[in-house]
Amino acid sequence: MKILVTGGAGYIGSTVCSALIDKGHTPVILDSLVTGREEFTRGKIFYKGDIADRGILEKIFKDHPDIEYTIHFAALIVVPDSVERPYDYYKENVAKSLELFKNLKELGCSNIIFSSSASIYDDVEGFMVTEKSPLNPRSPYARTKYMMEMVLRDFCEAYDMKGIALRYFNPIGADPKLRSGVHVQFPSHVLGKLVEAAAGDSTFKITGVNWDTRDGSGVRDFIHIWDLAQAHVKAIENFEEAFKKADNGNSNYLVINLGTGKGVTVKELVSAFEKVYGKPIKKEETDPRPGDVPGSYANGDTALQLLGWKAEKSIEEGIRDALKWSDIRETIIKY
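Here the sequence shown is numbered in the UniProt record's numbering, starting from 1 and rising by one per residue.
Laid out in structure tokens, this is it:
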């Protein structure tokens, strides 16, 4: 199958493109390269442009009329940054996605997989969330994801489209074949910061140690990026079957959580990292960042039932792959 992948030059999108190729599918990448890397598009079908640009979408579908699905990753994603720059997040993540969905429908591509976020959930007792858990997006970033889920749901009901929102947590690691990985020079996510600290460039900050968790640090669902990529492939390959299996009143819209089914605290991740790395890193405890929450992890029953997917890789594998990628990153990406 041929699949349009917006944001396919980013960390997650590029890994999903590799997973699609490995399964015999053909990704068509649309990326503005504002945050993505052209290095990740080499050897693939790639269009540089904005997701809200009707002209480039028309060209893509003229060149590739056999595109059956769109996986929509393109977005700004840094929670504290969204608190400081909400306009940019609403413009890029909401206004442009709205135009994208409208143009996809008019150009004949009515099947959409939307990269959403588990950050839209409220705090729940025990920290494990299901697709029916209450929502409470608490940052501009999280609210943009919530808004676009609502838009996609309404489009699916009004315009005979079909959409699956995949809500997931904290990707870690790299493509095990080291074709791609975290590409930003100064990462904001937790494992990237740990790798930075291991390189001796910084002190790792445990942001928030007074949450109501077993050790005071936030609970997260750290999912290996390759497991996450496999889930997106499964969502493509089992798209129609998922709707047949779902108990959702014949709705054209589904929500599926992707996660490991177990929570890991930030302090536990640090300990695992130091064990894999082989020595301690510099670290300190600090206050939470703007937009931080205690955290949660996913019940994966729906993903297993509807997509036949479950996470298989450990956090230790994610740490090892992240370290391997860090060793070669600058031979692939030229800053």
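Don't be surprised by glycine CBs; every beta carbon is placed ideally from N, CA and C.
| Option nearest W226 by Cα separation, candidates I328, L254, V182, D215 | Your numbering for residue 226 matches position 226 in the sequence shown. Relative to the Cα of W226, the nearest Cα in the group I328, L254, V182, D215 belongs to V182.
| Whose C-beta lies closer than 6 Å to the C-beta of T286 among residues of the same chain, with five residues either side of it excluded? | Position 286 of the sequence shown, counted from the start, is the residue given in the question as residue 286. If the five residues before and after T286 are omitted, its C-beta is found closer than 6 Å to the C-beta atoms of K205, T207, all from its own chain and listed in chain order.
| message | Taking a contact to mean a Cβ-Cβ separation below 9 Å, would you say G259 touches D221 in this structure? | response | Locating residue 259 in the sequence shown gives position 259, counting from the first residue. Locating residue 221 in the sequence shown gives position 221, counting from the first residue. Cβ distance < 9 Å, so G259 and D221 count as in contact.
| Rounded Cβ spacing between S296 and F127 (contact assumed at less than 8 Å) | The residue you call residue 296 lines up with position 296 of the sequence shown. The residue you call residue 127 lines up with position 127 of the sequence shown. S296 to F127, Cβ: 5 Å. Contact.
| task | For the alpha helix (DSSP H) containing S116, list its first residue and its last residue. | result | Here residue 116 refers to the residue found at position 116 of the sequence shown. Note, S116: premise wrong, no alpha helix (DSSP H); not H, not E.
| Where G36 and Y11 are concerned, what is the direct C-alpha to C-alpha distance, given to the nearest angstrom? | Start at 1 with the first residue of the sequence shown, and residue 36 comes out as number 36. Start at 1 with the first residue of the sequence shown, and residue 11 comes out as number 11. Distance between the alpha carbons of G36 and Y11: 7 Å.
| Looking at the structure shown, is I333 part of a helix, part of a strand, or coil, going by DSSP? | The sequence position of residue 333 within the sequence shown is 333, counting from 1. Judged by DSSP in its simplified three-state form, I333 adopts coil rather than helix or strand.
| Through-space distance from E330 to P134, alpha-carbon basis | Taking the sequence shown and counting its residues from 1, the one referred to as residue 134 is at position 134. Taking the sequence shown and counting its residues from 1, the one referred to as residue 330 is at position 330. As the crow flies, the alpha-carbon of P134 is around 42 Å from that of E330.
| query | Contact between the segment 194–204 and the segment 136–149: three or more CB pairs below 8 Å? | reply | Between the segment 194–204 and the segment 136–149, the count of C-beta pairs closer than 8 Å stays below three; the two stretches do not touch.
| message | So within the segment 33–101, which uninterrupted beta strand (DSSP E) runs reach at least 3 residues, ignoring any that extend past its ends? | response | The segment 33–101 contains these whole beta strand (DSSP E) runs: 45–48, 67–72.
| In whole angstroms, what separates the C-alpha of F101 from that of R54? | By one-based count along the sequence shown, residue 101 stands at place 101. By one-based count along the sequence shown, residue 54 stands at place 54. In this model, F101 and R54 are separated by some 11 Å (Cα to Cα).
| request: Indicate whether the contact test is met: 3 or more Cβ pairs, each with one atom in the segment 169–188 and one in the segment 319–328, closer than 8 Å. | output: Yes: at least three Cβ pairs fall under 8 Å.
| task | Would you tell me roughly how many angstroms separate the C-alpha atoms of E240 and D201, rounded to the nearest one? | result | Counted from its first residue, the sequence shown places residue 240 at position 240. Counted from its first residue, the sequence shown places residue 201 at position 201. So the alpha carbons of these two residues sit roughly 48 Å apart.
| request: Say whether the segment 153–166 touches the segment 250–257, bearing in mind that this needs 3 or more beta-carbon pairs closer than 8 Å, one atom from each stretch. | output: Proximity of the segment 153–166 to the segment 250–257 meets the contact definition, three or more beta-carbon pairs being nearer than 8 Å.
| Neighbourhood of K324 by C-beta distance below 8 Å, restricted to the same chain and skipping five residues each side | For this step, residue 324 is matched to residue 324 along the sequence shown. Only A174, L178 meet the Cβ criterion.
| request: Please look up how many angstroms separate the CB atoms of T142 and S117, rounded, as I've assumed it's under 8 Å. | output: The sequence position of residue 142 within the sequence shown is 142, counting from 1. The sequence position of residue 117 within the sequence shown is 117, counting from 1. Correcting the residue identity first, residue 142 is Ala in this sequence and not Thr. Confirmed, Cβ separation roughly 6 Å.
| said: For I60, which residues in the same chain have their Cβ closer than 7 Å to its Cβ, ignoring the five residues on either side in sequence? | reply: Here the question's residue 60 lines up with position 60 in the sequence shown. Excluding residues within five positions, the ones whose Cβ falls inside 7 Å are L4, V28, L30, Y47.
| request: Report buried or exposed for Y335, applying the criterion of at least 16 other Cβ atoms within 10 angstroms of its Cβ. | output: Within the sequence shown, the letter at position 335 stands for residue 335. Exposed is the call here.
| Between which two residues does the beta strand (DSSP E) harbouring D301 extend? | By one-based count along the sequence shown, residue 301 stands at place 301. The continuous stretches of beta strand (DSSP E) do not include D301, which lies in the alpha helix (DSSP H) extending over residues 301–307.
| message | Rounding to the nearest angstrom, what Cα-Cα distance links K245 and W309 in this structure? | response | If you number the sequence shown from 1, residue 245 lands on position 245. If you number the sequence shown from 1, residue 309 lands on position 309. Taking the straight line joining both Cα atoms gives about 14 Å.
| field | Residue from V293, V266, E312 whose Cα sits closest to the Cα of K283 | value | Within the sequence shown, numbered from 1, the residue matching residue 283 stands at position 283. Comparing Cα-Cα distances from K283 to each of V293, V266, E312, the minimum goes to V266.
| Beta-carbon separation of I256 and P171 under 9 Å? | Walking along the sequence shown from the start, residue 256 turns up at place 256. Walking along the sequence shown from the start, residue 171 turns up at place 171. Not a contact, by the Cβ cut-off of 9 Å.
| field | Exposure label - F186; buried when at least 16 CB within 10 Å | value | Your numbering for residue 186 matches position 186 in the sequence shown. Flag for F186 reads exposed.
| request: Could you check the C-alpha separation between G278 and A235 for me, to the nearest Å? | output: By 1-based counting over the sequence shown, the position of residue 278 is 278. By 1-based counting over the sequence shown, the position of residue 235 is 235. Cα to Cα, G278 sits roughly 37 Å from A235.
| Where DSSP assigns a beta bridge to F222, which residues make up the other side? | Within the sequence shown, residue 222 is the residue found at index 222, counting from 1. Beta-bridge pairing links F222 to N170.
| For T6, the first and last residue of its enclosing beta strand (DSSP E) | In the sequence shown, counting from the first residue as 1, residue 6 sits at position 6. 2–6 is the span of the beta strand (DSSP E), which, as asked, contains T6.
| task | Scan the segment 132–194 and note each continuous alpha helix (DSSP H) run of 4 residues or more that stays entirely inside, going in chain order. | result | Taking 4 residues as the minimum length, the alpha helix (DSSP H) runs contained wholly in the segment 132–194 are 140–159, in order along the chain.
| field | L323 (DSSP reduced to helix, strand or coil) | value | Start at 1 with the first residue of the sequence shown, and residue 323 comes out as number 323. DSSP places L323 in helix when its eight states are reduced to three.
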